[in-house]
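Chains as they are written, first to last, in this note's numbering: chain A, 1 to 263; chain B, 264 to 515.
The C-beta atom is built at its ideal place from N, Cα and C for all residues, glycine as well.
Computed from a predicted structure; not experimentally measured.
Everything below concerns the one structure shown next.
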């Protein structure tokens with residue numbers, strides 16, 4: 001087989017593809033409770049996909065993955081229909097203490113058949129062409145995302161009797177966390193000065209730098225750090241590259257961690 | 264219990280030595296045990312040292328039913344540490360059983376050699392057996408990461424094989440799947456590694472059921488998993504039923 005994700009035999013709506021014009025597929029996490037999250041799908045343009053949705057030949061789905069528990073399941077139940085191209089799904093969580101990743105997409109659910117494409121939102125390449133859709137074909141997709149638990153949740157600072165300023169370790173449990181043991185005198189200064197203090201920011205940056213260095217040496221990076229890895233990649237930083245600079249990386253994620261810092 | 268990895272060499276020596284005596288082992292390990300741990304494990308069977316290395320399939324159901332774990336419980340290394348602790352306390356296994364590796368399957372001989380070589384200042388085998396013990400007890404040692412939980416702890420392997428079998432039974436009626444998982448250790452190891460780490464589409468319940476059903480009858484074609492991964496990039500297996508997935512698998 002020679003199929004690749006960049007060579008679909010039919011048009012697909014996703015970021016950085018050009019099969020559709022004036023079209024977007026966006027999702028957002030609109031709320032959550034301890035057992036569920038609510039995710040809104042919103043398709044704009046993409047008249048071919050909207051036509052299939054209207055005819056009941058396509059549907060919005062979300063695949064949830066909890067890597068740590070070898071869990072993956074696709075949900076197609078709709079909680080609320082705002083319009084044919086805009087719906088909300090209610091997704092159950094295995095636990096609110098473990099990282100879930102999810103993948104939203106629109107999928108073709110009709111029988112395998114051929115379609116002639118004459119839709120104004122399609123790129124001219126596709127106009128007039130005949131394509132075969134197979135049941136399960138992915139028509140629109142958003143990338144993999146992590147639930148918005150926030151990267152701030154990954155650092156915990158504990159007061160300790162250690163003689164050095166601090167020492168960070170990566171804890172594996174529940175998807176992973178940075179546990180920083182901090183000298184008790186320093187800890188009190190940090191608490192009194194608060195996270196807006198420049199010196200405290202510098203200390204936190206050093207903690208993150210040490211932890212990121214340790215993280216980069218692990219064979220398997222705990223899943224709670226996926227959002228950090230993603231943010232770093234957005235900045236062109238690959239934690240596994242030979243020239244990985246943990247100090248630079250710590251400065252990138254510092255604002256996110258400070259947002260939730262609870263010493 | 265992760266702290267066990269940080270023991271000094273002389274403590275590692277005492278730990279390995281303690282495996283030879285139940286009470287000494289329980290005394291040694293006490294400091295690593297949380298007082299309020301809730302895992303209970305006292306099944307009806309007792310295992311020989313070789314049965315522990317490859318737990319007989321006949322015991323899978325009892326292990327599974329007895330523990331009442333869900334997937335999150337069963338992927339927590341701490342729970343397996345406590346299962347093993349309970350198994351020792353209740354004489355289901357003896358502590359020295361932990362001291363086996365893929366190459367060295369005789370635990371008493373391994374412990375004796377490790378201690379002897381340590382006393383002579385040779386530590387390579389000593390470290391190997393020490394790591395092997397931790398792998399059997401809770402799996403998640405530094406060198407193995409989380410995959411050790413699913414691949415290295417005998418009771419966990421039994422639980423997960425039975426769990427995968429039960430998932431498949433929700434969609435296909437094929438009792439052979441359990442026997443297949445029991446016999447094909449390499450396939451199981453690759454499967455759980457892919458499910459949790461490199462190719463999570465295989466954890467999709469319907470795809471898993473279809474794949475196990477196919478593999479139990481037809482064996483595992485080398486390219487099958489790779490081809491499934493390719494198809495998953497354009498088709499959503501989660502949106503198909505098992506019959507439709509099986510049709511795709513047969514066509515690969």
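Pair within 8 Å by beta-carbon distance, residue i and residue j
| i | j | result |
| --- | --- | --- |
| residue 165 of chain A | residue 198 of chain A | no |
| residue 115 of chain A | residue 130 of chain A | yes |
| residue 140 of chain A | residue 168 of chain A | no |
| residue 304 of chain B | residue 346 of chain B | yes |
| residue 421 of chain B | residue 323 of chain B | yes |
| residue 388 of chain B | residue 398 of chain B | no |
| residue 122 of chain A | residue 48 of chain A | yes |
| residue 109 of chain A | residue 138 of chain A | no |
| residue 460 of chain B | residue 67 of chain A | yes |
| residue 362 of chain B | residue 427 of chain B | no |
| residue 391 of chain B | residue 364 of chain B | yes |
| residue 276 of chain B | residue 359 of chain B | no |
| residue 99 of chain A | residue 175 of chain A | yes |
| residue 36 of chain A | residue 26 of chain A | no |
| residue 30 of chain A | residue 89 of chain A | no |
| residue 208 of chain A | residue 250 of chain A | yes |
| residue 343 of chain B | residue 416 of chain B | yes |
| residue 204 of chain A | residue 228 of chain A | no |
| residue 177 of chain A | residue 160 of chain A | no |
| residue 378 of chain B | residue 280 of chain B | yes |
| residue 462 of chain B | residue 500 of chain B | no |
| residue 74 of chain A | residue 61 of chain A | yes |
| residue 450 of chain B | residue 479 of chain B | no |
| residue 327 of chain B | residue 425 of chain B | yes |
| residue 309 of chain B | residue 355 of chain B | yes |
As assigned by DSSP and simplified to three states, the class of residue i
| i | result |
| --- | --- |
| residue 289 of chain B | helix |
| residue 82 of chain A | strand |
| residue 148 of chain A | Low per-residue confidence applies at residue 148 of chain A: pLDDT is 47, beneath 50, and the placement is therefore not dependable enough to give any value. |
| residue 467 of chain B | strand |
| residue 364 of chain B | coil |
| residue 27 of chain A | strand |
| residue 269 of chain A | Because chain A here runs from 1 to 263, residue 269 of chain A falls outside it and cannot be looked at. |
| residue 137 of chain A | strand |
| residue 487 of chain B | helix |
| residue 294 of chain B | helix |
| residue 425 of chain B | helix |
| residue 372 of chain B | helix |
| residue 156 of chain A | strand |
| residue 225 of chain A | helix |
| residue 114 of chain A | strand |
| residue 91 of chain A | strand |
| residue 462 of chain B | coil |
| residue 3 of chain A | Reliability fails at residue 3 of chain A, whose pLDDT of 41 lies under 50, so the model's placement of it is uncertain and the value that follows must be treated cautiously. Reduced to three states, the DSSP call for residue 3 of chain A is coil. |
| residue 129 of chain A | coil |
| residue 407 of chain B | coil |
| residue 310 of chain B | coil |
| residue 218 of chain A | coil |
| residue 262 of chain A | Low confidence applies to residue 262 of chain A: its pLDDT is 38, below 50, so where it sits in the model is not reliable, and the reading given next is rough at best. Coil at residue 262 of chain A, not helix or strand. |
Boundaries of the beta strand (DSSP E) in which residue i is found, first to last residue
| i | result |
| --- | --- |
| residue 17 of chain A | No beta strand (DSSP E) holds residue 17 of chain A; DSSP gives it neither H nor E. |
| residue 281 of chain B | That residue, residue 281 of chain B, is in no beta strand (DSSP E); its alpha helix (DSSP H) goes 272-281. |
| residue 313 of chain A | Absent from the structure is residue 313 of chain A, since the part of chain A shown begins at 1 and ends at 263. |
Delimiting residues of the alpha helix (DSSP H) encompassing residue i
| i | result |
| --- | --- |
| residue 396 of chain B | 387-400 |
| residue 455 of chain B | 448-456 |
| residue 507 of chain B | 505-514 |
| residue 410 of chain B | 410-414 |
Can you list the beta strand (DSSP E) stretches of 3 or more residues lying completely in the region 29-76 of chain A, in chain order? Taking 3 residues as the shortest admissible run, the region 29-76 of chain A contains the following complete beta strand (DSSP E) segments, listed from N- to C-terminal end: 36-44, 58-66 and 71-75.
Contact set between the region 62-77 of chain A and chain B, restricted to residues whose Cβ is under 7 Å from the partner: For the region 62-77 of chain A, which is checked against every Cβ of chain B, the residues closer than 7 Å are 63, 65, 67, 68, 69, 70, 71, 72, 73, 74 and 76.
List, from N- to C-terminal side, the beta strand (DSSP E) runs of 3 residues or more that fit wholly inside the region 312-349 of chain B. None, since the region 312-349 of chain B contains no complete beta strand (DSSP E) of that length.
Any chance you could list the alpha helix (DSSP H) runs of at least 4 consecutive residues sitting entirely within the region 160-210 of chain A, in chain order? Entirely contained in the region 160-210 of chain A, the alpha helix (DSSP H) runs reaching 4 residues are, in chain order, 184-193.
Name the residues in the region 122-139 of chain A whose C-beta lies less than 8 Å from a C-beta of chain B; which are they? Look at the region 122-139 of chain A: the residues with a C-beta under 8 Å from a C-beta of chain B are 134, 135, 136, 137 and 138.
Any C-beta of chain B within less than 8 Å: which residues of the region 198-223 of chain A qualify? Residues of the region 198-223 of chain A with a C-beta atom less than 8 Å from some C-beta of chain B are 218, 219, 220 and 222, listed in chain order.
What residues in the region 434-454 of chain B have a beta carbon less than 7 Å from any beta carbon of chain A? From the region 434-454 of chain B, no residue has a Cβ closer than 7 Å to chain A.
Using Cβ-Cβ distances below 8 Å, what residues of the region 488-514 of chain B are close to chain A? Answer in chain order: 490, 493, 494, 496, 497, 498, 499, 500, 501, 502, 503 and 507.
Name the residues in the region 105-123 of chain A whose C-beta lies less than 8 Å from a C-beta of chain B; which are they? Result list: 105, 107 and 109.
If the cut-off is 7 Å on Cβ atoms, which residues from the region 82-105 of chain A count as contacting chain B, listed in chain order? Contact residues of the region 82-105 of chain A toward chain B are 94, 95, 98 and 105 (C-beta to C-beta distance below 7 Å).
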